[in-house]
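Each remark here refers to the structure printed beneath this line.
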Amino acid sequence: MAAQLGQNKFTSLAGAGQGEGGSLEEEQLESNMKQLNLLHIKCRELRTTIQRALESIPNNATPEEVYEALMKSVAAANAQIKDFGTLYNSEESKKVLEQAKKSRDANPKGIRPWRAKDHPDWLDLDH
350 MAAQLGQNKF TSLAGAGQGE GGSLEEEQLE SNMKQLNLLH IKCRELRTTI
400 QRALESIPNN ATPEEVYEAL MKSVAAANAQ IKDFGTLYNS EESKKVLEQA
450 KKSRDANPKG IRPWRAKDHP DWLDLDH
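Start counting at 1 in the sequence shown, then tack on 349, and there's your number in our numbering.
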């Protein structure tokens, strides 16, 4: 994922005066990108919560079966929301998002919009 946004944009994440090279170590940048990618994936998963809840209802189900299926879906959705909230509010995420904000404020021009269609492997956490 680092290559698609351009190395110059990543090195600008660090701001000036951090270390000899004036930027964060590449390992730290990769770690930050993985954290942001994980946040993005978890957020996107939340978009399908209602659809998955409706799909879990069996055809020709009794009211009791519908209720049971919906309750399981609600419990799963609640767990996903809590998981995302925990990840989003973690100290690591806060640091990464704050660093990204500083970088964007320092260099607001030249930041291209990210589009999933341009990055078909975006769901792969190993990139």
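For every residue, glycine included, the Cβ atom is placed at its ideal position computed from N, Cα and C.
Query raised in the report: Nearest-angstrom Cα distance between E404 and E414?
Result: Taking the sequence shown and counting its residues from 1, one reaches residue 404 at position 55. Taking the sequence shown and counting its residues from 1, one reaches residue 414 at position 65. Answer to the nearest angstrom: the Cα atoms are 13 Å apart.
**Report entry** Assumed close pair E441, Q400 - CB separation to whole angstroms, cut-off 8 Å
**Finding:** Translated into the one-based positions of the sequence shown, residue 441 becomes position 92. Translated into the one-based positions of the sequence shown, residue 400 becomes position 51. That belief does not hold up - the Cβ atoms of E441 and Q400 are roughly 30 Å apart, past 8 Å.
Query raised in the report: When you compare only the Cα positions, how much space is there between T411 and S422?
Result: Taking the first residue of the sequence shown as 1, we reach residue 411 at position 62. Taking the first residue of the sequence shown as 1, we reach residue 422 at position 73. T411 and S422: Cα-Cα distance of roughly 17 Å.
**Report entry** Pairwise C-alpha distance: I430 and A424
**Finding:** On the sequence shown, position 75 is the one that residue 424 refers to. On the sequence shown, position 81 is the one that residue 430 refers to. Rounded to whole angstroms, A424 and I430 show a C-alpha spacing of 10 Å.
Query raised in the report: Within this structure, are the beta carbons of I390 and L446 separated by less than 9 Å?
Result: Counting from one through the sequence shown, the residue named residue 390 turns up at place 41. Counting from one through the sequence shown, the residue named residue 446 turns up at place 97. Taking 9 Å as the Cβ cut-off, I390 and L446 do not qualify as a contacting pair.
Query raised in the report: On the three-state DSSP scale, how would you describe H468?
Result: By one-based count along the sequence shown, residue 468 stands at place 119. It is coil, neither helix nor strand.
Report task. Decide if L378 is buried, meaning its Cβ has at least 16 other Cβ atoms within 10 Å, or exposed. Result -> Here residue 378 refers to the residue found at position 29 when the sequence shown is read from its first residue. L378 is buried by the Cβ-count criterion.
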